[in-house]
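**Q** I'd like to ask you about the structure that follows.
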Amino acid sequence: MVLALLASCGGDSSATSGGGATTVPVPVPVSVTPTTSAATFARVQTDVFTPSCATVGCHVGSAASGGLDLSAAVAYEQLIGVVPTNPNAKADGLKRVVAFKPDSSLLYHKLIFPAGHHASDYGNVMPTGTGGLTVGQVEYVRQWIAAGAPKTGTVADPILLADRTAQTALPFAPLIAPAPGAGIQLKVERFDVVPNFERELFTYRKLGNTAEMFVSRIETSMRPFSHHFLLYTMAPNTPALAVPQPNAVRDIRNPDGSMNVLNMLAMGYHVYFAGAMTPQSNYVFPAGMALRLPADAAFDLNVHYANHTTGTVPGEAYVNLYTVPASQVTRALSTLNLANNSFTLPAGQRTVIEKSFTFPAQTTIIALTSHMHARGERYQVMLVRPGQPDQMVYDNRDWEHPAMVTFATPLVLERGQGLKSVVTYNNTTAKAIGFGLTSDEEMDIIFGYYY
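Just so you know, we're using our numbering here: the sequence shown kicks off at 150 and counts up by one.
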């Protein structure tokens, strides 16, 4: 099915790059004058949250990303001791902010630019589309948390906010390809993203496999500023006109920001295979399980980069598909694509849309994720068994970074049972909105893996 353009957060900054460690674009702090009379949290708000986070389309208002509103009136109460909506952070026992414990605070993890500083997938480093906060800003936030995260009082040195040193990241290193016979590597070649622009493109790659393959592990790596990297196959009913030309780069935006409808044609026939919304990911299927790919398989690779700086940044993405012999596969997996493409969201109100999907035969689901656009506030998936109360098995409040939830005990649905999507939208516009491909429209899709 379809996955359309997603928005991103961030502010203006300047960019430089060179060899060795990469110097990332530096956000300009709102205030760099030390003010000892201001409470530390007040400075966190004015120098960090308000200019970089509590912006339109990000962490502000009723549709705030991740259900976290960082506007001045509510930010403190939304942070301290609050369980995050990110399932991986929640499973690791993190809270948005834990007094005295920066390493147990998701906020702190989300501000550290170097990718891979924690083992789990907590989503992109924030603010998205920038080089991250300065070293001084991050240290100021860390000291505030370490001192107990008080709402009043001065507990961190405000001179830190004058430190505009950029956070640095290790040089981008392409993924090492799987050994011969162990898998296949695909990539999106390096490209430029001009200042203050979001570039999303597709390129259709043939794998060149002469026999079927079974994928047991999917590893991805992207340069900084990435929003997502997705792999799609084409639906069996795709007309020849909509099958992309191999290896051509298809931008969905023209240089003036308008949409290139012709390059979006294939999106209507996409079938989700795999994806990542973080610079690095490594998804391993449970033992004995693998995704089957037919001979002569192909993927439409989709990358989205958001550059909210004043300098050009490079984009690039790699994916390794690790394979196992058919003899090691006890369960061949398929991708789940359950879309509700017939709904209307009235103007100026909050609406809950429900859609049930019944399975004609026993189905075992090992993982689920979801997709909605910016007006989606909450995406729930319910297990529907006739004669029994519906059971919630998936809950996502972050439309930009929906987690892929792998079930320790797979969900077994018998014939006649199914899943139901329950999606809460808040249409704040003056016109009705329905299902569509662009970010001005909405979506309601359950993705997953099953056998």
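Positions of the beta carbon are idealized from the N, C-alpha and C atoms, including for glycine.
(1) Give every residue of the same chain whose Cβ lies closer than 8 Å to the Cβ of Asp-589, excluding the five residues on either side of it in the sequence, and list them in chain order.
(2) Ends of the beta strand (DSSP E) at Val-274?
(3) Gln-394 to His-208, Cα distance in whole Å?
(4) DSSP on Ala-425, reduced to helix/strand/coil?
(5) By a C-beta neighbour count over all protein chains shown, 10 Å radius and 16 as the cutoff for buried, is Asn-412 buried or exposed?
(6) What does DSSP give as the partner residue(s) for Phe-584 in the beta ladder?
(7) Can you pull the DSSP bridge partners for Asn-431?
(8) Could you tell me the alpha carbon to alpha carbon distance between Ile-294 and Ile-502, rounded to whole angstroms?
(9) Relative to the C-alpha of Phe-340, which candidate in Lys-300, Met-438, Val-452, Arg-245 has its C-alpha closest?
(10) Considering only residues of the same chain and omitting the five flanking positions on each side of Gly-497, which have a CB-CB separation below 8 Å?
(11) Compute the Euclidean distance between the alpha carbons of Ala-222 and Thr-314, then round it to the nearest angstrom.
(12) Mind checking which residues open and close the beta strand (DSSP E) that includes Leu-482?
(13) Please report the straight-line C-alpha distance between Lys-250 and Phe-492, rounded to a whole angstrom.
(14) Contact between the region 451–466 and the region 355–373 is defined here as three or more beta-carbon pairs at a separation below 8 Å; is this criterion met?
(15) Is Gly-357 buried or exposed, if buried means 16 or more other CB atoms sit within 10 Å of its CB?
(16) Please check the pair Phe-321 and Asp-449, which I expect to be a contact at CB under 8 Å, by giving their CB distance rounded to whole angstroms.
(17) Check the C-beta distance from Arg-499 over to Gly-216 and give it rounded, since I have them as a contact under 8 Å.
(18) Going by the beta-carbon positions, is the gap between Gln-334 and Tyr-467 smaller than 8 Å?
(19) Taking the beta strand (DSSP E) that Leu-90 belongs to, which residues open and close that run?
(20) Where does Leu-356 sit, in a helix, a strand or coil, going by DSSP?
(21) Reducing DSSP to helix, strand and coil, say where Pro-463 ends up.
(22) For Ser-254, which three-state DSSP category applies?
(23) With three or more C-beta pairs closer than 8 Å as the rule, is the region 228–236 touching the region 541–556?
(24) Which residues in the same chain have their Cβ closer than 6 Å to the Cβ of Ser-211, if we skip the five residues on either side of it in sequence?
(25) What residues in its chain sit with their C-beta under 8 Å from that of Gln-511, if we drop five residues either side in the sequence?
(26) According to DSSP, is Gly-597 part of a helix, a strand, or is it coil?
(27) Quick check on the DSSP output: the beta strand (DSSP E) that includes Gln-529 runs from which residue to which?
(28) Tell me whether the region 476–490 and the region 425–441 touch, counting them as touching only if at least three CB pairs, one residue from each stretch, are closer than 8 Å.
(29) Nearest to Pro-535 by CA position, among Asp-544, Gly-567, Ala-523, Ala-516, is which residue?
(30) Where do the N-terminal and C-terminal ends of the beta strand (DSSP E) with Lys-336 fall, by residue?
(31) Can you tell me whether Gly-567 is helix, strand or coil according to DSSP?
(32) Quick check on the burial criterion: 16 or more other C-beta atoms within 10 angstroms. Buried or exposed for Met-541?
(33) Quick one: any contact between the region 417–428 and the region 376–384, if contact means 3 or more CB pairs under 8 Å?
(34) Using only the alpha-carbon positions, how far apart do Pro-299 and Phe-190 sit?
(35) Taking the Cβ atom as the reference point for each residue, do Thr-359 and Ser-430 lie within a distance shorter than 8 Å?
(36) List the endpoints of the continuous alpha helix (DSSP H) containing Asn-633.
**A** A quick look at the data gives this:
(1) In chain order, Ile-582 place their CB closer than 8 Å to the CB of Asp-589, counting only its own chain and leaving out the 5 sequence neighbours on each side.
(2) Val-274 -> no beta strand (DSSP E), and no H or E assigned at all.
(3) Cα to Cα, Gln-394 sits roughly 39 Å from His-208.
(4) Assigned with DSSP and collapsed to three states, Ala-425 falls in strand.
(5) Label assigned to Asn-412: buried.
(6) In the DSSP output, where bridge partners are listed per residue, Phe-584 has Glu-591.
(7) Glu-368
(8) 39 Å
(9) Phe-340 has its Cα closest to that of Val-452, out of Lys-300, Met-438, Val-452, Arg-245.
(10) Taken in chain order, the residues that qualify are Asn-576, Thr-577, Thr-578, Ala-579.
(11) 30 Å
(12) 480–488
(13) Lys-250 and Phe-492 have their C-alpha atoms spaced approximately 45 Å apart.
(14) Contact between the region 451–466 and the region 355–373 is present, because at least three Cβ pairs lie under 8 Å.
(15) exposed
(16) In this structure Phe-321 does not touch Asp-449 by the C-beta definition: roughly 23 Å separates them, more than the 8 Å allowed.
(17) Actually they are not in contact, since the Cβ atoms of Arg-499 and Gly-216 sit about 14 Å apart, beyond 8 Å.
(18) yes
(19) What the structure shows of the chain is the stretch from 150 to 600, and residue 90 is not part of that stretch, so it cannot be assessed.
(20) coil
(21) strand
(22) strand
(23) yes
(24) Asn-575
(25) Val-561, Leu-562, Glu-563, Arg-564
(26) In this structure, Gly-597 counts as strand in the three-state DSSP scheme.
(27) 525–533
(28) The answer is yes - the region 425–441 touches the region 476–490, with three or more Cβ pairs under 8 Å.
(29) Gly-567
(30) Where Lys-336 is concerned, the enclosing beta strand (DSSP E) stretches over 332–342.
(31) strand
(32) exposed
(33) In the pairwise beta carbon analysis, the region 417–428 is classified as touching the region 376–384: at least three pairs are separated by under 8 Å.
(34) Cα-Cα distance, rounded: 7 Å.
(35) no
(36) Since the first residue shown for the chain is 150 and the last is 600, residue 633 is missing from the structure and cannot be characterised.
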